[in-house]
Amino acid sequence: MRALKRFLTRLTALTAGRRYEKRLKQEIEVHLALQTEENLRAGLCPVEARRQAMLKFGAVQAVQDDYRDQHGLPFLENLLQDIRHALRRLRKTPVFTVAATSTLALGIGATTSIFTLVHAVLLKSLPVSNPDQLVRLGKEPDCCVEGGYFRGEDYSLVSYELYKHFRDNTTGFEEMAGFQADGTFLGVRRAHDANAAASYFGEFVSGNYFAMFGVSAYVGRALTMSDDQPDAPPVAVMSYRVWQQKYGLDLSVIGGVFNFNGKPFTIIGVTPPGFYGDTLKTMPPDFFLPLATEPLINGDSAILNHADASWLEIIGRMRPGANVRLIEAQMRVELHQWLRSHSSEMDANERLAIPKQSVYLSPGGAGITSMRQQYEDRLRILMIVSGFVLLIVCANVANLMLVRGLERRQQMALSTALGARPIRLIRQALTESVLLSLLGGAMGLGVAFAGSRLILHFAFRMITAVPISASPSIPVLLFAFGISLVTGVLFGIAPSWMATHTDPVEALRSGNRSTARAGSLSRKTLVIFQAALSLVLLSASGLLTAALSNLEHQTFGFERNGRIVVHLDPVLAGYKPEQLVLLYRRIQDSFAGIPGVASVACAQYAPLSGDSWDEGVYVEGKSAPGPNVNNDSWWARVQPGFFEVIGNPIIKGRPIDQRDTAGSRHVAVVNEAFVRKFFGNEDPIGKRSEERR
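Numbers 1339 to 2031, taken from my numbering, label the letters of the sequence shown in order.
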């Protein structure tokens, strides 16, 4: 209470400060007038009498400063005076002000725009309840479907059966949710709608998915465990983005029937606006479907009940006081028990590897960080580069401030001679530089917003639903304010230091000379620093340009020019698997009849699409590989003419042609890397593989 009373007393004194200062000036003037009159009676001329009176009185400014220190709030008063003084100086030099603030806006804006992405991708937690209580299975995220029982030492994907085994037996979790490692495209059409089905991205999730995250539906209700049962009516939850953009927040959507791949589902709720699912990825789910409906959607290709098909991620919410390492140890025991229960389905290598297989738990507050893993290194490089740019900006503005300080040397010297304190000169210079940087930071927010949108546009050109906002959030605004403040201090240090090391006599004698030995070292240091940073950036940009050029012109083993990739998924339109052979043939013939098209071929995965299937290969007549030998091979299905279309020559044997049908002998075309891995110097033509357990 005493401190509060003291503050209120000083605040009252501050409001009356102008009146007290005016009275002080009047008293000082009266004292000087009396002393001047006495000097006149002593025979001095009026000018000399006034000068002698001022010399006898002492530094007027120092007396006024001492008075302020004893009355009111001196720090606040001085700060307001310094701000007004700085604003007047900036207003009188518009060219300098515009040049400095524009330079700072570019530097701070670039740094802030990069930090916006760094915060969204690397630092931000999921928009869920208490994300610090979440843990996920696995050290690194994986995708999308893994066959077999062997996962090395990191089980990050699990089958539906293994998920239920963990969920029902692990005691350290309040909730454990399973969800699809990737997503699946769905052909969605509202019931009784005459329009064609549109393609949307869906994700299969467990019934306790939303309860585990602590997320409630925005309207309607979320999924529950009763929805995730084989005999439950098919339901789905729609994302807020789709509800807003496609259906205009129409409440009749709730309870409405939608056909997903031709199967009727009832929409029971809408997710909150900020919720984008369990993973920050370039295509967040548009619809969330119960795991139990996966067979309904995928039909004969369903994997829900395949114990050896791992396709689910796991995130759990720990109980209060639970120890993550004890839970981890318990899950390892549960994993080995489950694997041994399926040992009859394994091959010899998988059975030998059971003791080596393990599980690890990682922090899950940020979700499954596939996008973080993908862009982490690049964002860090961008952050470092933008930091160098900001340092160069600081050096540029510091040079401008040094030149500006040289122009003020006489004024500073005169202020010092009249009794101005060095600390006050430092404070004035720093106030001006910090004020300048804050103005540049305010302008930089606009640059940051535009820069973030530009980066998102180029980084995710083909994606319309990336869950990253270019608008500055509270942490980004705080970052912009902090970086502006630090920048102002950085480029204000040199002028402030010069202000305290100016020799008043030398400054007054030098007149209008524009150089001084005292400032030479500072200016040279800044110039060298600026040149060194610029050289580093130029070298890095040259290396980056060369690397991009090499990537653009590297050889991939097939012809890229004049090739166009078209992605089709007839299943989304309701076609049955038995109809696809004839459909693809019709599509191929139709495309081949388009003028200008030389050849067409269908493939399950296009070259460089980043996806394919993998399978363990066992060569007929050879012993099984050892437990530490990788016998995986990646493959895709293609139609006749595929190798001719991509310009990939067959160097031995023949390509796949019209003779190769579902009823003929199974054949494959392999690359040279496959031959080196499995056959060495042997001729691979005619060799066969076999399935082993």
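Virtual Cβ for every residue (Gly too), placed ideally from N, Cα, C. Note that the structure is predicted; figures quoted are calculated from it, not measured.
- Under the DSSP assignment, Tyr1538 falls in the beta strand (DSSP E) whose first and last residues are Ala1536 to Val1543.
- Gly1954 is bridged by DSSP to Asp1970.
- Between the stretch 1586-1597 and the stretch 1542-1550, the count of C-beta pairs closer than 8 Å stays below three; the two stretches do not touch.
- Contact between Ala1443 and Met1781 holds: CB atoms are separated by about 4 Å, below the 8 Å threshold.
- Ranked by Cα distance from Leu1740, the options Glu1770, Leu1728, Ile1719 and Ser1724 are led by Glu1770.
- Along the length of the stretch 1602-1667, whole beta strand (DSSP E) runs at least 3 residues long occupy 1625-1628 and 1650-1656, reported in chain order.
- The shortest CA-to-CA distance from Ala1667 to any of Gly1510, Gly1784, Tyr1585 and Arg1657 is the one to Gly1510.
- Taking the C-beta atoms as reference points, Tyr1498 is found no nearer than 9 Å to Asp1646.
- With respect to the 9 Å criterion, Val1496 and Leu1650 are classified as neighbours on the basis of their beta carbons.
- Gln1390 sits in a helix when the DSSP states are folded into three classes.
- Counting C-beta pairs closer than 8 Å gives fewer than three between the stretch 1430-1446 and the stretch 1615-1623, which falls short of the contact rule.
- For Leu1442, the enclosing alpha helix (DSSP H) covers residues Pro1432 to Val1456.
- Between Gly1607 and the set Phe1613, Arg1559, Arg2014 and Trp1972, the nearest pair of CA atoms involves Arg1559.
- Residue environment for Leu1417: exposed (fewer than 16 other C-beta atoms within 10 angstroms of its C-beta).
- Thr1825 is a Cβ neighbour of Ile1446, given a cutoff of 9 Å.
- Taking a cut-off of 8 Å on C-beta distances, the stretch 1907-1922 does not touch the stretch 1952-1969, as fewer than three cross pairs fall below it.
- Of the residues Phe2012, Phe1980, Glu1982 and Glu1958, the one whose Cα lies closest to the Cα of Ser1971 is Phe2012.
- Here DSSP, grouped into helix, strand and coil, assigns Gly1486 to coil.
- Straight-line spacing of the CA atoms in Thr1893 and Leu1455 works out to 32 Å.
- A buried status is given to Pro1628, since no fewer than 16 other beta-carbon atoms sit within 10 Å of its beta-carbon.
- Bounds of the alpha helix (DSSP H) holding Arg2014 are Glu2010 to Phe2016.
- Spatial neighbours of Ser1724 in its own chain (CB-CB distance under 6 Å, excluding positions within 5 residues in sequence) are listed in chain order as Ala1448, Thr1449 and Ile1452.
- Listed as beta-bridge partners of Thr1893 by DSSP are no residues whatsoever.
- Here the alpha carbons of Arg1655 and Glu1513 stand approximately 5 Å from one another.
- In the structure shown, the three-state DSSP call for Gln1518 is strand.
- With fewer than 16 neighbouring CB atoms inside 10 Å of its own CB, Met1563 falls in the exposed class.
- For Ala1570 and Ala1555, the gap between their C-alpha atoms comes out near 20 Å.
- Secondary structure at Ser1822: helix, using DSSP grouped into helix, strand and coil.
- Around the beta carbon of Cys1732, 16 or more other beta carbons lie within 10 angstroms, which makes this residue buried.
- Ranking Ala1885, His1503, Gln1518 and Gly1490 by CA distance to the CA of Cys1481 puts Gln1518 first.
- With a contact defined as Cβ atoms closer than 8 Å, Phe1551 and Leu1561 miss out at about 11 Å.
- At the C-beta level, Ala1660 and Asp1565 stay beyond 9 Å of one another.
- The Cβ atoms of Asn1468 and Ala1515 do not sit closer than 9 Å to each other.
- The alpha-carbon separation between Ala1944 and Asp1492 amounts to approximately 30 Å.
- Where Val1595 is concerned, the enclosing beta strand (DSSP E) starts and stops at Val1595 to Phe1598.
- Excluding residues up to 5 positions away in sequence, Phe1539, Gly1540, Glu1541, Met1621 and Pro1623 lie with their Cβ nearer than 8 Å to the Cβ of Gly1521 in the same chain.
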